[in-house]
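These notes concern the structure reproduced below.
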Amino acid sequence: MVLVRGARGLVRGAAGHAGASLPSRAWVRTLPSINVLHGRGLATKKDGEPVSKTNTWGRVTMSLHQKDLEGKEEVYLTERAASVDPAESLLSLQQEVQEEIAAALGRTGSKLLSAMKEMQKAQDAYETQAAAFLRLKSTGRQPSFEDKHRLLLAARDFNGKLQAAENARTALIVHRQAVGFVYQNHKIVKRTYPLPDLVTRYAFRNRFFDTQEVDSVIAKDARETSSSTSS
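For the sequence shown, the positions run 2 to 232 when the numbering used here is used.
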């Protein structure tokens, strides 16, 4: 009898001989299970407990695959360690951190300079309006409501820009303190970036007029506008 590969071939091979009869089906039970041939274990019972479906071949394959990965990882780490000096890497990292700290501190200083520039523009506009107002009074003419309103708006705009510059200067003081500039930090920053005083209501009234006069007129106009719109 000629054995042909596969179960079907075996039957055909046996039948191919003259006078040969088909064997009994008892031989089928001796063939390996299809699950075993494909590397899958059978879910059988052993002492009442389920048996794992992962067979020995699967475990051996996984173990060899893991060892192969571990070996490549070890080779990679060895090559990296040989090509990189740890001391040099630490030095490079420290330099990078210092550069980032300096750049962040520079950005905080730039914000302060920008705020001071806007404050200076507002201060110049306020001083221009104040000079024109005082010239008008010196001629003996009575300033109009519009003259007073323009001057008051310029003063309040200057105060707002000055407060923004003060906040930016405080942020620079805090930032410098955080990175290690501790000795006389406040004194150095305030001396380097001086700011004028706010225009207080008291100072404004002594120099020009009482702001309540203008504010009351503005409030009255706002109420009249609101009532006319609603009606």
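Glycine is no exception: its CB is placed at the ideal position from the N, C-alpha and C atoms.
| Item | Value |
| --- | --- |
| Member of G141, L153, A172, S115 whose CA lies at the smallest distance from the CA of T201 | L153 |
| V180, enclosing alpha helix (DSSP H) - first and last residue | 146 to 180 |
| Cβ-based burial, A223 [other Cβ within 10 Å; buried from 16] | exposed |
| Local conformation of Y194 per DSSP, three classes | coil |
| Cβ pair A165, Y127 closer than 8 Å | no |
| L173 vs L94 beta-carbon contact at 8 Å | no |
| N- and C-terminal bounds of the alpha helix (DSSP H) containing F210 | Per DSSP, F210 belongs to no alpha helix (DSSP H) and is neither H nor E. |
| Coil, strand or helix - L267 by DSSP | Here the chain covers residues 2 to 232 and nothing more, so residue 267 does not appear. |
| Distance CB(K162)-CB(E119) smaller than 8 Å | yes |
| Nearest to Q124 (by Cα), restricted to the options A169, V98, L135, N160 | N160 |
| Simplified DSSP state of Q95, which is helix, strand or coil | helix |
| L141 - DSSP class collapsed to helix/strand/coil | Going by the sequence as given, residue 141 is Gly instead of Leu. Three-state result, G141: coil. |
| Nearest neighbour of A169, chosen from E101, A116, E100 [CA to CA] | A116 |
| Touch test, the region 93 to 110 against the region 173 to 183, Cβ-Cβ under 8 Å, three pairs minimum | yes |
| Chain-order list of residues whose beta-carbon lies under 7 Å from that of F205 (same chain, five-residue window excluded) | A156, T212 |
| Other residues of its chain near K149: CB distance less than 7 Å, five sequence neighbours each side excluded | F210, V215 |
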